[in-house]
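What follows is a set of notes on a single structure, which appears directly below.
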Amino acid sequence: MTNLVTDEELYSRFLDNRDEDALLVLITRHKESLMLFINGFVRDIDRAEELALDTFSEVAAGPTLFSGGSSFKTWLFAIGRNLALKSINKSKRLFARSIEEINEFTDGEPTDQFGHYDSPEMELLKDEQNRKLYEAMSLLNPEYRRILVLLYFEDMTREEAAAVMGKSKKQVYNLAERGRKALKEILVKTGFEYDIH
Numbered sequence: 242m243t244n245l246v247t248d249e250e251l252y253s254r255f256l257d258n259r260d261e262d263a264l265l266v267l268i269t270r271h272k273e274s275l276m277l278f279i280n281g282f283v284r285d286i287d288r289a290e291e292l293a294l295d296t297f298s299e300v301a302a303g304p305t306l307f308s309g310g311s312s313f314k315t316w317l318f319a320i321g322r323n324l325a326l327k328s329i330n331k332s333k334r335l336f337a338r339s340i341e342e343i344n345e346f347t348d349g350e351p352t353d354q355f356g357h358y359d360s361p362e363m364e365l366l367k368d369e370q371n372r373k374l375y376e377a378m379s380l381l382n383p384e385y386r387r388i389l390v391l392l393y394f395e396d397m398t399r400e401e402a403a404a405v406m407g408k409s410k411k412q413v414y415n416l417a418e419r420g421r422k423a424l425k426e427i428l429v430k431t432g433f434e435y436d437i438h
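Just so you know, we're using this note's numbering here: the sequence shown kicks off at 242 and counts up by one.
Laid out in structure tokens, this is it:
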């Protein structure tokens with residue numbers, strides 16, 4: 242059932258029959274990648290996990306938002322993105338941070354002088370090559386990083402990435418081209434060889 246049935250079919254089963262198993266399969270398929278995507282916005286893996294679960298709660302609430310005009314995954318990631326942005330805005334208001342602190346909070350900059358993140362998400366990336374690539378990506382402009390994650394790690398089309406990010410296809414194309422170029426430069430400087438097409 243899990244490998245042969247599409248996300249859209251599973252979601253339809255859940256909506257039509259309240260099939261909890263179908264919803265669990267969707268959660269299993271997408272929770273970790275959605276959580277890592279959201280973490281690119283909120284920079285707190287525990288908060289990202291909560292927001293991923295909130296995203297699935299919205300999905301479980303009903304069909305009013307999903308028209309089928311995009312893939313289920315695109316719709317899911319767009320909901321996650323919106324919840325992450327709302328969470329960031331709420332945090333900004335609650336803590337009444339200065340403009341400089343807000344920029345530091347949302348820029349996605351590394352947390353130490355070596356460009357590393359002090360985050361449990363690094364535990365998820367056991368493979369040395371992936372960890373090096375992830376560290377290089379952490380140095381990218383946040384928008385470049387998000388687009389590259391959607392296109393190359395989540396295998397979304399440019400149209401799907403545009404829908405998730407709220408951008409035009411041309412903007413996605415330009416961000417992806419600039420992001421690939423910037424990532425390649427970082428990788429070359431660190432002596433790491435990774436082919437990015």
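Heads up, the beta-carbon is just placed ideally off N, CA and C, and yes, glycines get one too.
Simplified DSSP assignment, three categories, for residue i
| i | result |
| --- | --- |
| residue 408 | coil |
| residue 355 | Confidence in residue 355 is poor, its pLDDT being 44 and thus under 50, which makes the residue's placement too unreliable to answer from. |
| residue 245 | coil |
| residue 321 | helix |
| residue 431 | coil |
| residue 420 | helix |
| residue 328 | helix |
| residue 342 | With a pLDDT of 38 at residue 342, under the threshold of 50, the modelled position of that residue is not reliable, and the figure given next carries that caveat. If DSSP states are grouped into helix, strand and coil, residue 342 belongs with the helices. |
| residue 363 | Since pLDDT at residue 363 reaches only 43, below the 50 mark, its modelled position is unreliable, and no value is offered. |
Nearest candidate by alpha-carbon position, reference residue i, set the options
| i | options | result |
| --- | --- | --- |
| residue 247 | 292, 281, 313 and 257 | 313 |
| residue 310 | 378, 401 and 289 | 401 |
| residue 287 | 421, 325 and 380 | 325 |
| residue 292 | 269, 270, 318 and 420 | 318 |
| residue 254 | 415, 382 and 301 | 301 |
| residue 320 | 398, 407 and 395 | 407 |
| residue 387 | 261, 262, 278 and 376 | 278 |
| residue 416 | 425, 273, 389 and 261 | 389 |
| residue 263 | 322, 397, 252 and 399 | 252 |
| residue 265 | 411, 297 and 290 | 297 |
| residue 376 | 428, 399 and 328 | 428 |
| residue 258 | 329, 303 and 270 | 303 |
| residue 396 | 274, 269 and 379 | 274 |
Where the alpha helix (DSSP H) containing residue i begins and where it ends
| i | result |
| --- | --- |
| residue 253 | 248-258 |
6 Å Cβ shell around residue i - same chain, five flanking residues per side excluded
| i | result |
| --- | --- |
| residue 294 | none |
| residue 299 | 320 |
| residue 260 | 254 |
| residue 350 | For residue 350, the predicted structure reports a pLDDT of 48, less than 50, and the residue's modelled location is therefore unreliable. The matter cannot be settled from this model. |
Spatial neighbours of residue i in its chain, beta-carbon cut-off 8 Å, leaving aside the 5 residues before and after
| i | result |
| --- | --- |
| residue 423 | 381, 382 and 385 |
| residue 322 | 278, 279, 282, 405, 406 and 407 |
| residue 409 | 403 |
Beta-carbon contacts of residue i that lie in its chain and below 7 Å, excluding the five residues immediately before and after
| i | result |
| --- | --- |
| residue 404 | 311, 315 and 319 |
| residue 348 | For residue 348, the pLDDT reaches just 45, beneath the cut-off of 50, and the residue's location in the model is therefore unreliable, although a value from the coordinates is still provided. Once the five neighbours on either side are set aside, the close Cβ partners of residue 348 are 383. |
| residue 419 | 385 |
| residue 267 | 248, 251 and 252 |
| residue 272 | 293 |
| residue 378 | 386, 389 and 424 |
Proximity test, residue i beta-carbon vs the ligand MN heavy atom, cut-off 6 Å
| i | result |
| --- | --- |
| residue 289 | Looking at this structure, you won't find the ligand MN or any other ligand, since it has none at all. |
Suppose only complete runs of 3+ residues qualify. What are the beta strand (DSSP E) ranges in the region 270-297, listed by chain order? none
At 3 residues or longer, what runs of the beta strand (DSSP E) sit wholly inside the region 369-399? none
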